[in-house]
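One structure is given below, encoded as structure tokens.
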Amino acid sequence: MSDKSELESKLAALPIFAGLSKRKVAKLVDQSRTVDHQAGREVATEGEGALALHLIVSGEAEVSLRGESKRTLREGDYFGEISMIDGKRRSATVTAVTPMTTLAVQHVVFEKMLEDDAKFAAELLKLLCARLREAESA
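Listed below in structure tokens is the structure:
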């Protein structure tokens with residue numbers, strides 16, 4: 001498990017949090033929790049409800065849709081943002097490929113960030129558009 005300053009540095013380096021001040025990044029870390037996942041464990045299951053956005057602090061995960069592998073996620077990647085935005089069930093299954101640590105950002109914290117920070121919301125929209133374009137070209 002990473003210490004607080006290391007987590008803050010990792011988050012600040014991610015495009016999704018590029019517009020946040022150091023103070024807001026520190027607050028995000030304080031309001032979230034780190035979770036350790038064993039290799040082979042499903043972290044998110046397609047069709048289930050979602051309570052958090054997960055940011056990968058270390059390790060790797062596989063994203064699958066209806067049992068078909070779609071892509072690999074690594075340190076710095078995140079998942080669960082779609083369910084956090086639309087409130088619907090998870091659109092894919094995410095399984096830890098290696099031992100993995102994530103920072104779980106609870107729905108209420110994520111929602112507050114969207115409401116309070118226009119730069120964060122705009123960056124998230126750009127990243128979602130990029131993912132949509134990637135999915136359409138696959």
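All letters in the sequence shown, in the order written, are residues 1 to 138 by UniProt numbering.
All residues carry an ideal CB built from backbone N, CA and C; glycine is no exception.
Query: If you measure between the beta carbons of residue 208 and Ala44, is that distance less than 8 Å?; Result: It is not possible to answer for residue 208, since the shown part of the chain is limited to 1 through 138.
Query: In the DSSP assignment, what are the bridge partners of Glu37?; Result: Rather than Glu, the amino acid found at residue 37 in this sequence is His. According to DSSP, which records beta bridges pairwise, His37 is partnered with Met100.
Query: Specify the secondary structure class of residue 144 as computed by DSSP and reduced to three states.; Result: Only positions 1 to 138 of the chain appear in this structure, which leaves residue 144 out of reach.
Query: Taking Val109 as the reference, which of Thr98, Thr102, Thr101 and Met84 has the closest Cα?; Result: Met84
Query: Which residues mark the beginning and the end of the beta strand (DSSP E) in which Arg71 is found?; Result: Glu68 to Leu73
Query: Can you grab the Cα-Cα spacing for the pair Arg33 / Thr72, in whole Å?; Result: 23 Å
Query: Count the other C-beta atoms from every protein chain shown that fall within 10 angstroms of the C-beta of Lys88, then say buried if there are 16 or more, exposed otherwise.; Result: exposed
Query: Just grab the DSSP bridge partners of Phe79 for me.; Result: His54
Query: Just how far apart, CA to CA, sit Ala39 and Glu115?; Result: 35 Å
Query: With DSSP as the reference, label Ala118 as helix, strand or coil.; Result: helix
Query: Which of the three DSSP states is assigned to Ala44 in this structure?; Result: strand
Query: Classify Lys10: buried if its beta carbon has 16 or more other beta carbons within 10 angstroms, exposed otherwise.; Result: buried
Query: Taking its Cβ as the centre, do 16 or more other Cβ atoms sit within 10 Å of Ala61, making it buried, or is it exposed?; Result: buried
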